[in-house]
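Chain order of the listed sequences is D and A. So for the first sequence, the numbering used here puts the first residue at 1; every next one is plus one. So for the second sequence, the numbering used here puts the first residue at 1001; every next one is plus one.
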Amino acid sequence: MEKSEVIRSCKVLVIGGSAGSLEVLLQLLPKLKDHLSFAIVIVLHRKNSSDSGLVELLAGRTKIPVSEVEDKETILPDHIYLAPGDYHLLFERNKTFSLDFSEKVNYSRPSIDVAFETAADGYGENVTCLLLSGANADGSAGINYAKKAGGQVAVQDPETASSPQMPSIALQNTKVDLVLNVEQMITFINSL
Amino acid sequence: MIQDEEIDLLLNDLLEHYGYDFNFYSRASLKRRINRLFLLDKFTDFRTFREQILSDTNYIKRFIEEITVNVTEMFRDSSFYKALRTDILPILGTHPFIRIWHAGCSTGEEVYSMAILLHEAGLLNKSLIYATDINPGVLEKAKSGIFPIGNMKSYSENYIGSGGIQDFSSYYTANYEGGKFNKELRDKMIFSTHNLVSDSSFNEFHLIVCRNVLIYFDKELQERVFKLFDGSMGKLAYLALGSKETIKFSDIQEKFNQVGKEKIWRKVK
Chain D
1 MEKSEVIRSC
11 KVLVIGGSAG
21 SLEVLLQLLP
31 KLKDHLSFAI
41 VIVLHRKNSS
51 DSGLVELLAG
61 RTKIPVSEVE
71 DKETILPDHI
81 YLAPGDYHLL
91 FERNKTFSLD
101 FSEKVNYSRP
111 SIDVAFETAA
121 DGYGENVTCL
131 LLSGANADGS
141 AGINYAKKAG
151 GQVAVQDPET
161 ASSPQMPSIA
171 LQNTKVDLVL
181 NVEQMITFIN
191 SL
Chain A
1001 MIQDEEIDLL
1011 LNDLLEHYGY
1021 DFNFYSRASL
1031 KRRINRLFLL
1041 DKFTDFRTFR
1051 EQILSDTNYI
1061 KRFIEEITVN
1071 VTEMFRDSSF
1081 YKALRTDILP
1091 ILGTHPFIRI
1101 WHAGCSTGEE
1111 VYSMAILLHE
1121 AGLLNKSLIY
1131 ATDINPGVLE
1141 KAKSGIFPIG
1151 NMKSYSENYI
1161 GSGGIQDFSS
1171 YYTANYEGGK
1181 FNKELRDKMI
1191 FSTHNLVSDS
1201 SFNEFHLIVC
1211 RNVLIYFDKE
1221 LQERVFKLFD
1231 GSMGKLAYLA
1241 LGSKETIKFS
1251 DIQEKFNQVG
1261 KEKIWRKVK
């Protein structure tokens, strides 16, 4: 079987979402191809309590292994990582995760900004950030930061988001690379 | 925004001038903390910031206090405290004397939570809780035993979640400063500065609690601290970590068995 020799630039796809984003993920995950050459890291605003049910819910929609991040875990391709509730999720330059229980950012812990910014520090142009539906300003500064660091940035089309505020604010602040509905997101992720 | 090379310079200064070694802290987190302080204190250029750190011994106190994360709460993760209550304390109670070490205790909320559990298990009288932190400022707060009254409602809920059946407000007296916790609890605590990076073992403990401290360290420093803990525990002693921390990437894991679902390990070898 012949394989293309294209070197894929995306090493990690970080998806941030708040209100209305879980439904997007549940539509998207089953449509992803079986083997990904990059890691997917999902950062959702969620209740403080450790609702491990979310891992199972997402894992039920995909063949790609899904797990909640543990501190200092190595980031591997073809794996979906979920940020634990009530910690910030940070990316280290040596491709491991760190967790952080510092002050909330944008009233949120995990904060999407923190994840996007540290992912951009750790991965530079090899990061892709995707911001989904949410009724919050989180993620916008992170999108801006990742774009400046040379990463690829995309937001959910606010018209298709059940809470359009989060992607709208990011669109106002940054010239994002792509504005996507769910179908387009699937095609986009599968082509990374 | 402070760049990575500038952070290297600062870390070198801190080590050479003050003996604080932050080189093995989680770099991503440290960078955020340093930038947060830079903005908070309205610095505009790195050179002034660096000079202030080097020349002002009062500012270095503030720097350490703000760089280290001191966000904590009482009975955080109530299922953890429930496990202590039901699975661990009854076994510790078989010892004639109980020594507990809270490493990186910050402002002490978890230390007071532990004292309450020991009190309710009838073990406080034969217990001593050593509570240490790198940061003298937070230890002063911990010693005072006074916590913001506005937090008591959520602490009370956490306490009930941990299986507590007393009236939580019976453990403190509310006044204008906040909720001041009872002296009987404080009498069993010994507070001291201790730097996990550079200081050594100082006793042997039946239980070491170090929750949400190691997340700020890199893997190499974590490993050193795990060895320090291992060397500070007798056989069958317990080690308790934060809910997303693990010893599974460490060499010491072969000597320890996890107890139940919580992040509590027992030293078996």
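Where a beta carbon is used, it is the ideal one built from N, C-alpha and C, also for glycine. Source: prediction; values computed, not measured.
Taking residue i as the reference, which of the options has the closest Cα?
{"i": "residue 1177 of chain A", "options": "A:1158, A:1153 and A:1146", "result": "A:1146"}
{"i": "residue 1134 of chain A", "options": "A:1100, A:1063 and A:1173", "result": "A:1063"}
{"i": "residue 1101 of chain A", "options": "A:1158, A:1268, A:1003 and A:1131", "result": "A:1131"}
{"i": "residue 1236 of chain A", "options": "A:1004, A:1009 and A:1092", "result": "A:1092"}
{"i": "residue 1078 of chain A", "options": "A:1158, A:1006, A:1015 and A:1008", "result": "A:1158"}
{"i": "residue 148 of chain D", "options": "D:136, D:156, D:128 and D:133", "result": "D:128"}
{"i": "residue 117 of chain D", "options": "D:151, D:162 and D:166", "result": "D:151"}
{"i": "residue 1136 of chain A", "options": "A:1065, A:1269, A:1255 and A:1122", "result": "A:1065"}
{"i": "residue 68 of chain D", "options": "D:78, D:77, D:61 and D:42", "result": "D:42"}
Which same chain residues, not among the five before or five after residue i, have their C-beta less than 7 Å away from its C-beta?
{"i": "residue 1024 of chain A", "result": "1197, 1217, 1218, 1220 and 1221"}
{"i": "residue 1252 of chain A", "result": "1226, 1227 and 1230"}
{"i": "residue 1188 of chain A", "result": "1115, 1124, 1127, 1128 and 1129"}
{"i": "residue 101 of chain D", "result": "87"}
{"i": "residue 1211 of chain A", "result": "1110, 1240, 1241 and 1242"}
{"i": "residue 6 of chain D", "result": "Since pLDDT at residue 6 of chain D reaches only 46, below the 50 mark, its modelled position is unreliable, and no value is offered."}
{"i": "residue 1090 of chain A", "result": "none"}
{"i": "residue 110 of chain D", "result": "43, 83, 87, 88 and 89"}
Following the continuous beta strand (DSSP E) through residue i, name the residue where it begins and the one where it ends.
{"i": "residue 1189 of chain A", "result": "1189–1193"}
{"i": "residue 68 of chain D", "result": "66–68"}
{"i": "residue 1127 of chain A", "result": "1127–1133"}
{"i": "residue 1099 of chain A", "result": "1098–1103"}
{"i": "residue 181 of chain D", "result": "Run containing residue 181 of chain D: none; DSSP gives neither H nor E here."}
{"i": "residue 1267 of chain A", "result": "1264–1267"}
{"i": "residue 100 of chain D", "result": "97–100"}
{"i": "residue 1257 of chain A", "result": "1256–1258"}
{"i": "residue 1172 of chain A", "result": "1172–1175"}
{"i": "residue 105 of chain D", "result": "No beta strand (DSSP E) holds residue 105 of chain D; DSSP gives it neither H nor E."}
{"i": "residue 89 of chain D", "result": "88–91"}
{"i": "residue 1180 of chain A", "result": "1178–1181"}
{"i": "residue 161 of chain D", "result": "From DSSP, residue 161 of chain D is part of no beta strand (DSSP E); its letter is neither H nor E."}
{"i": "residue 80 of chain D", "result": "80–82"}
Who are the near neighbours of residue i in its chain, counting only those whose CB is closer than 8 Å to its CB and skipping five residues on each side?
{"i": "residue 8 of chain D", "result": "Summary for residue 8 of chain D: the model assigns pLDDT 47, below 50, so the residue's position carries little reliability, and this model does not support an answer."}
{"i": "residue 1018 of chain A", "result": "1060"}
{"i": "residue 4 of chain D", "result": "Note on residue 4 of chain D: pLDDT 43, under 50, position unreliable in the model; no value is reported."}
{"i": "residue 114 of chain D", "result": "88, 89, 90, 100, 105 and 142"}
{"i": "residue 34 of chain D", "result": "63 and 64"}
{"i": "residue 1156 of chain A", "result": "1168 and 1169"}
For residue i, return the contacting residues in chain A, with the cut-off set at a CB-CB distance below 8 Å.
{"i": "residue 90 of chain D", "result": "1026, 1028, 1029 and 1032"}
{"i": "residue 23 of chain D", "result": "Simply none; closest approach about 26 Å."}
{"i": "residue 159 of chain D", "result": "Within chain A, no residue comes near residue 159 of chain D; the closest Cβ sits about 34 Å away, beyond 8 Å."}
I need the boundaries of the alpha helix (DSSP H) containing residue i, first residue and last residue.
{"i": "residue 1048 of chain A", "result": "1046–1055"}
{"i": "residue 172 of chain D", "result": "165–173"}
{"i": "residue 981 of chain A", "result": "A query on residue 981 of chain A cannot be resolved here, the shown segment of chain A reaching from 1001 to 1269 and no further."}
{"i": "residue 36 of chain D", "result": "That residue, residue 36 of chain D, is in no alpha helix (DSSP H); it is neither H nor E in DSSP."}
{"i": "residue 1119 of chain A", "result": "1109–1120"}
{"i": "residue 143 of chain D", "result": "140–148"}
{"i": "residue 1155 of chain A", "result": "1152–1161"}
{"i": "residue 1165 of chain A", "result": "Segment: none, residue 1165 of chain A is in no alpha helix (DSSP H) and carries neither H nor E."}
{"i": "residue 1080 of chain A", "result": "1078–1083"}
{"i": "residue 1141 of chain A", "result": "1136–1144"}
{"i": "residue 16 of chain D", "result": "Run containing residue 16 of chain D: none in the alpha helix (DSSP H); it sits in the beta strand (DSSP E), 12–17."}
{"i": "residue 123 of chain D", "result": "112–123"}
{"i": "residue 1240 of chain A", "result": "First-last for residue 1240 of chain A: 1233–1241, but that is the beta strand (DSSP E), not the alpha helix (DSSP H)."}
Residue i touches chain A at which residues, Cβ-Cβ below 9 Å?
{"i": "residue 163 of chain D", "result": "Correct list: empty, because the minimum Cβ distance to chain A is about 27 Å."}
{"i": "residue 138 of chain D", "result": "Simply none; closest approach about 15 Å."}
{"i": "residue 61 of chain D", "result": "Under the 9 Å cutoff, chain A gives no residues; its nearest Cβ is about 23 Å from residue 61 of chain D."}
Identify the contact partners of residue i in chain A, using a Cβ-Cβ distance below 7 Å as the criterion.
{"i": "residue 113 of chain D", "result": "What residue 113 of chain D touches in chain A: nothing, since even the nearest Cβ is about 10 Å away."}
{"i": "residue 103 of chain D", "result": "1071"}
{"i": "residue 93 of chain D", "result": "1027"}
{"i": "residue 99 of chain D", "result": "1215 and 1244"}
{"i": "residue 118 of chain D", "result": "1028"}
{"i": "residue 177 of chain D", "result": "What residue 177 of chain D touches in chain A: nothing, since even the nearest Cβ is about 23 Å away."}
Could you name the residues of the same chain whose beta carbon sits closer than 6 Å to that of residue i, not counting the 5 residues immediately before and after it, in chain order?
{"i": "residue 96 of chain D", "result": "72 and 74"}
{"i": "residue 1033 of chain A", "result": "1067"}
{"i": "residue 108 of chain D", "result": "45 and 138"}
{"i": "residue 59 of chain D", "result": "66"}
{"i": "residue 40 of chain D", "result": "13 and 80"}
{"i": "residue 1 of chain D", "result": "Summary for residue 1 of chain D: the model assigns pLDDT 43, below 50, so the residue's position carries little reliability, and this model does not support an answer."}
{"i": "residue 1266 of chain A", "result": "1238, 1257 and 1259"}
Just the chain D side, please: which residues come within less than 8 Å of residue i by C-beta, in chain order?
{"i": "residue 1219 of chain A", "result": "72 and 96"}
Would a check of beta-carbon distances place residue i closer than 8 Å to chain B?
{"i": "residue 128 of chain D", "result": "In summary, chain B is missing from the structure at hand, where the protein chains are D and A."}
Can you find a heavy atom of the ligand GDP that lies under 7 Å from the Cβ of residue i?
{"i": "residue 1165 of chain A", "result": "Ligands in the displayed structure: none, and consequently the ligand GDP is not present."}
Legend entry - Contact list for the segment 72–87 of chain D against chain A, Cβ threshold 7 Å: 72, 84 and 87
Inset, instruction - Scan the segment 1055–1076 of chain A for residues whose Cβ lies nearer than 7 Å to a Cβ of chain D and list them as they occur along the chain. - result: 1069 and 1071
Legend entry - Contacting positions in the segment 1233–1256 of chain A - beta carbon closer than 7 Å to chain D: Hits within the stretch, in order: 1243, 1244, 1245, 1246 and 1249.
Legend entry - Near-chain D residues of the segment 1200–1224 of chain A (beta-carbon distance less than 8 Å), N- to C-terminal order: 1212, 1214, 1215, 1216, 1218, 1219 and 1222
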